[in-house]
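Participant: In order, the protein sequences belong to chains E and A.
Per this note's numbering, the very first residue in the first sequence carries number 1; after that it's consecutive.
Per this note's numbering, the very first residue in the second sequence carries number 1; after that it's consecutive.
Shown below is the structure under consideration.
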Amino acid sequence: MQEVAVILVSSVLINNYVLVQFLGLCPFMGVSKKLESAIGMSAATTFVLTLTAMASHIVNKMLLVPLGLEYLRTISFIMVIAAVVQFTKMFIEKTSPLLYRVLGVFLPLITTNCAVLGVALQNSTKSLNFMQASLYGFGAGAGFSLVLILFSAMRERLAAADIPQPFEGAAIAMITAGLMSLAFMGFSGLV
Amino acid sequence: MLEIITQQPILAALVALVGLGLAFGALLGFAAEKFKIEGDPVIDQIDELLPQTQCGQCGFPGCRPYAESIADGDAINKCPPGGQATINAIASLLDVPAPALDEEHGQEAEVKTVAYIREDECIGCTKCIQACPVDAILGAAKLMHTVIVDECTGCDLCVEPCPVDCIDMLPVEENINQWQWPAPQIPSGLIATDRMNGPNLVRPEDSVSNREDVA
């Protein structure tokens with residue numbers, strides 16, 4: 001139980017993939033204009049991250065390591081990610097056409113979200129069991145969701161706020177992201 | 001067989017990647033069958049928001065074709081009977097900004113109206129019957145026509161074709177059977193900082209200076 005908590009805290013807060021490791025910044029800036037779509041994107045990314053962490057762990061442990069093909073990690077993980085994202089896309093298109101429309105191009109772009117590949121690759125260099133690997137994936141997704149939802153809530157307020165002209169739009173968003181990142185750096189050494 | 005594969009690194013790599021590709025291909029093929037969608041459900045949702053007057057003022061033969069066209073990216077502000085309320089609803093559905101009503105397609109009626117045929121002037125030409133998109137006009141050739149009030153959507157498409165101009169659009173009077181609570185106003189200014197530019201805001205220093213003026 002304690003181990004679960006440690007993994008979650010370390011992947012959500014301490015090694016947050018967006019604000020501490022700077023992975024997956026494209027959807028972080030791109031889908032954070034509206035809270036609703038940010039929530040949808042978080043859910044989809046968390047789903048993909050957890051599934052990819054599981055699938056890439058299985059591929060790594062059952063296929064690549066026994067055959068001595070560790071050097072094929074990147075390409076096979078990309079294949080895993082592409083398949084999982086495509087699967088998620090079909091699933092969302094069927095279950096929630098509205099979310100599908102709102103997410104638009106960002107849904108297939110989860111494929112190129114480097115946080116997803118980052119989690120798979122980092123998991124394969126640590127020696128983890130299946131449970132731990134999927135927890136790391138879920139933790140990364142939860143961390144991404146937390147940060148994305150917080151950021152989009154702030155950006156919704158910023159859209160209505162009285163911002164000096166040179167800072168309007170992307171500039172103030174970048175500054176906000178930087179300040180959030182500073183805040184998250186403060187979690188280091190928590191565990 | 002397995003020995004040959006493990007001894008030849010290239011062969012192993014080939015088999016592994018091809019195998020992975022085949023496995024994922026099979027999974028996706030299965031998913032494509034399983035999660036097949038028929039039609040576009042967004043069209044249905046847009047169609048439900050449109051007022052179903054079938055008036056054709058948007059330039060399409062009815063509400064459904066207009067809904068299909070919106071789903072394909074047409075402008076959402078071509079529906080005068082629905083007015084700004086419909087535009088806002090579709091805008092929030094599709095997550096796009098809500099434009100004002102396009103005047104080219106007509107103006108939003110302020111009160112709901114229904115067609116009324118002055119029956120003693122009607123010559124029974126059936127032209128209005130053919131024009132009515134919702135079959136709300138009753139009558140036959142050379143016999144007097146009349147309007148079923150409950151069915152009439154007030155689209156005024158029957159006014160134009162009438163050769164003797166005996167159709168009037170009358171406002172619907174509210175009675176106890178169709179009265180509804182007014183739609184709730186979306187509250188604004190719940191958050192104090194959002195009201196900063198509002199006209200009612202009196203900053204502390206303002207009130208102080210006002211008092212000094214009075215004194």
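We treat Cβ as the ideally placed atom computed from N, Cα and C, and that holds for glycine.
Because the structure is a prediction, the values reported are computed rather than measured.
Pull up the distance between the alpha-carbon of Phe130/E and that of Phe24/A, whole angstroms please.
Facilitator: For the purposes of this step, residue 130/E is taken as residue 130 along the first sequence, with counting starting at 1. For the purposes of this step, residue 24/A is taken as residue 24 along the second sequence, with counting starting at 1. When rounded, the distance between both Cα atoms is 20 Å.
Participant: Are three or more beta carbon pairs between the region 165-184 of chain E and the region 66-77 of chain E nearer than 8 Å?
Facilitator: Short answer: they don't touch.
Participant: Let me know the alpha helix (DSSP H) ranges lying completely inside the region 48-135 of chain E, each 4 residues or longer, listed in chain order.
Facilitator: Counting only runs of 4 or more, we get 73-95, 97-103, 114-125.
Participant: What residue does the alpha helix (DSSP H) around Leu25/E start on, and which one ends it?
Facilitator: Position 25 of the first sequence, counting from 1, holds the residue named residue 25/E. That run of the alpha helix (DSSP H) goes 25-30.
Participant: Run down chain A in chain order and give the residues with a C-beta less than 7 Å from the C-beta of Gly30/E.
Facilitator: On the first sequence, position 30 is the one that residue 30/E refers to. Within chain A, no residue comes near Gly30/E; the closest Cβ sits about 14 Å away, beyond 7 Å.
Participant: Using the C-alpha atoms, what's the distance from Ile81/E back to Ser124/E?
Facilitator: The residue labelled residue 124/E in the question sits at position 124 within the first sequence. The residue labelled residue 81/E in the question sits at position 81 within the first sequence. Each residue's Cα considered, the two are about 14 Å apart.
Participant: Using the Cα positions of Gln7/A and Gln2/E, report the straight-line distance between them to the nearest angstrom.
Facilitator: For the purposes of this step, residue 7/A is taken as the residue at position 7 of the second sequence. For the purposes of this step, residue 2/E is taken as the residue at position 2 of the first sequence. Their backbone Cα atoms lie some 43 Å apart in a straight line.
Participant: Could you pull the start and end residues of the alpha helix (DSSP H) that Tyr66/A belongs to?
Facilitator: If you number the second sequence from 1, residue 66/A lands on position 66. 63-71 is the extent of the alpha helix (DSSP H) around Tyr66/A.
Participant: Looking at the secondary structure, which residues open and close the beta strand (DSSP E) in which Met185/E lies?
Facilitator: In the first sequence, counting from the first residue as 1, residue 185/E sits at position 185. It is not in any beta strand (DSSP E) - Met185/E instead sits in the alpha helix (DSSP H) that spans 170-185.
Participant: So for Pro161/A, helix, strand or coil by DSSP?
Facilitator: Numbered from 1 along the second sequence, position 161 holds the residue referred to as residue 161/A. Coil at Pro161/A, not helix or strand.
Participant: Along the chain, where does the beta strand (DSSP E) that runs through Val114/A open and close?
Facilitator: Start at 1 with the first residue of the second sequence, and residue 114/A comes out as number 114. That run of the beta strand (DSSP E) goes 113-117.
Participant: Can a CB atom of chain E be found closer than 7 Å to the CB of Leu14/A?
Facilitator: Numbered from its first residue, the second sequence carries residue 14/A at position 14. Leu14/A does not count as touching chain E.
Participant: Could you compute how far the alpha carbon of Glu205/A sits from the alpha carbon of Asp162/E?
Facilitator: Here residue 205/A is taken as the residue at index 205 of the second sequence, counted from 1. Here residue 162/E is taken as the residue at index 162 of the first sequence, counted from 1. Below a pLDDT of 50, predicted positions are generally treated as unreliable, and Glu205/A, at 49, falls in that range; the measurement from the model is reported next regardless. Cα-Cα distance, rounded: 20 Å.
Participant: Nearest-angstrom Cα distance between Leu121/E and Glu38/A?
Facilitator: Here residue 121/E corresponds to residue number 121 of the first sequence, with the count starting at 1. Here residue 38/A corresponds to residue number 38 of the second sequence, with the count starting at 1. About 38 Å.
Participant: Between Val102/E and Phe47/E, what straight-line distance do the alpha-carbon atoms span, to the nearest angstrom?
Facilitator: Here residue 102/E corresponds to residue number 102 of the first sequence, with the count starting at 1. Here residue 47/E corresponds to residue number 47 of the first sequence, with the count starting at 1. Between Val102/E and Phe47/E, the C-alpha separation is close to 17 Å.
Participant: Candidates Val111/A, Asp102/A, Val134/A, Ile137/A: which alpha carbon is nearest Cys253/A's?
Facilitator: The displayed coordinates of chain A run from 1 to 215. Any statement about residue 253/A would go beyond what the structure contains.
Participant: Can you tell me which of the three DSSP states Leu22/A falls into?
Facilitator: Here the question's residue 22/A lines up with position 22 in the second sequence. Helix, per DSSP.
Participant: Need the endpoints of the beta strand (DSSP E) that Pro41/A sits in, please.
Facilitator: Within the second sequence, residue 41/A is the residue found at index 41, counting from 1. Unbroken run through Pro41/A is the alpha helix (DSSP H), 41-49; no beta strand (DSSP E).
Participant: Taking only three categories from DSSP, how would you classify Ile14/E?
Facilitator: For the purposes of this step, residue 14/E is taken as residue 14 along the first sequence, with counting starting at 1. Helix at Ile14/E.
Participant: Candidates Ala136/A, Met169/A, Ala140/A, Pro161/A: which alpha carbon is nearest Cys152/A's?
Facilitator: Numbered from 1 along the second sequence, position 152 holds the residue referred to as residue 152/A. Residue Ala136/A is the option with its Cα nearest to Cys152/A.
Participant: First and last residue of the alpha helix (DSSP H) that includes Leu93/A?
Facilitator: Here residue 93/A refers to the residue found at position 93 when the second sequence is read from its first residue. Counting along the chain, the alpha helix (DSSP H) containing Leu93/A begins and ends at 83-94.
Participant: Does the CB of Ala115/A have a neighbour CB from chain E at under 7 Å?
Facilitator: Against the second sequence, residue 115/A aligns to sequence position 115. Taking Cβ atoms only, chain E never reaches closer than 7 Å to Ala115/A, which makes this a no.
Participant: Comparing C-alpha positions only, which one of Arg118/A, Val114/A, Ile123/A sits nearest to Cys132/A?
Facilitator: Residue mapping note: residue 132/A aligns to position 132 of the second sequence, counting from 1. When each option's Cα is compared against that of Cys132/A, the closest is Val114/A.
Participant: Exposed or buried, which one is Ala100/A when buried takes at least 16 other CB atoms within 10 Å?
Facilitator: Position 100 of the second sequence holds residue 100/A. Ala100/A comes out exposed.
Participant: In the DSSP assignment, find the unbroken alpha helix (DSSP H) run with Leu2/A in it and report its ends.
Facilitator: Numbered from its first residue, the second sequence carries residue 2/A at position 2. Element bounds for Leu2/A: 2-7.
Participant: Taking Cβ-Cβ distances shorter than 8 Å, what residues in chain B pair up with Val42/A?
Facilitator: Annotation note: the requested chain B is absent from the structure, which comprises protein chains E and A.
Participant: Take the Cβ of Asp156/A as the centre, count every other Cβ of all protein chains shown within 10 Å, and call the residue buried at 16 or more, exposed below.
Facilitator: To locate residue 156/A, count along the second sequence from 1; it is residue 156. By the 10 Å Cβ count, Asp156/A comes out buried.
Participant: Quick one: using the 10 Å Cβ neighbour count with 16 as the cut-off for buried, is Arg118/A buried or exposed?
Facilitator: Counted from its first residue, the second sequence places residue 118/A at position 118. The residue in question, Arg118/A, is exposed, as its Cβ has fewer than 16 Cβ neighbours within 10 Å.
Participant: Going along the region 23-37 of chain A in order, which residues come within less than 7 Å of chain E, judged by CB to CB distance?
Facilitator: Flagged, chain order: Phe24, Leu27, Leu28, Ala31, Ala32, Phe35, Ile37.
Participant: Spell out whether any CB of chain E is found under 7 Å from the CB atom of Asp95/A.
Facilitator: The residue labelled residue 95/A in the question sits at position 95 within the second sequence. With 7 Å as the cut-off, Asp95/A counts as an interface residue toward chain E.
Participant: So Leu8/E is in the alpha helix (DSSP H); what residue range does that whole segment cover?
Facilitator: Against the first sequence, residue 8/E aligns to sequence position 8. Here the alpha helix (DSSP H) through Leu8/E covers 2-9.
Participant: For chain E, find out if any of its Cβ atoms is closer than 7 Å to the Cβ of Leu20/A; answer yes or no.
Facilitator: Working through the second sequence from its first residue, we reach residue 20/A at position 20. It does: the Cβ of Leu20/A has a partner Cβ on chain E nearer than 7 Å.
Participant: In the DSSP assignment, find the beta strand (DSSP E) that holds Ile224/A and state where it starts and stops.
Facilitator: Residue 224/A lies beyond the residue range present for chain A, which begins at 1 and ends at 215; the question has no answer from this structure.
Participant: What's the C-alpha gap between Val214/A and Ile87/A?
Facilitator: Residue 214/A sits at position 214 when you count from the first residue of the second sequence. Residue 87/A sits at position 87 when you count from the first residue of the second sequence. Below a pLDDT of 50, predicted positions are generally treated as unreliable, and Val214/A, at 42, falls in that range; no measurement from the model is reported.
Participant: Residues of chain E with CB under 9 Å from Pro9/A, in chain order?
Facilitator: Translated into the one-based positions of the second sequence, residue 9/A becomes position 9. What Pro9/A touches in chain E: Leu67, Gly68, Leu69.
Participant: For chain E, check one thing: does any of its Cβ atoms lie closer than 7 Å to the Cβ of Gly73/A?
Facilitator: What you label residue 73/A is simply residue 73 of the second sequence in a count that begins at 1. Output row for Gly73/A: interface = no.
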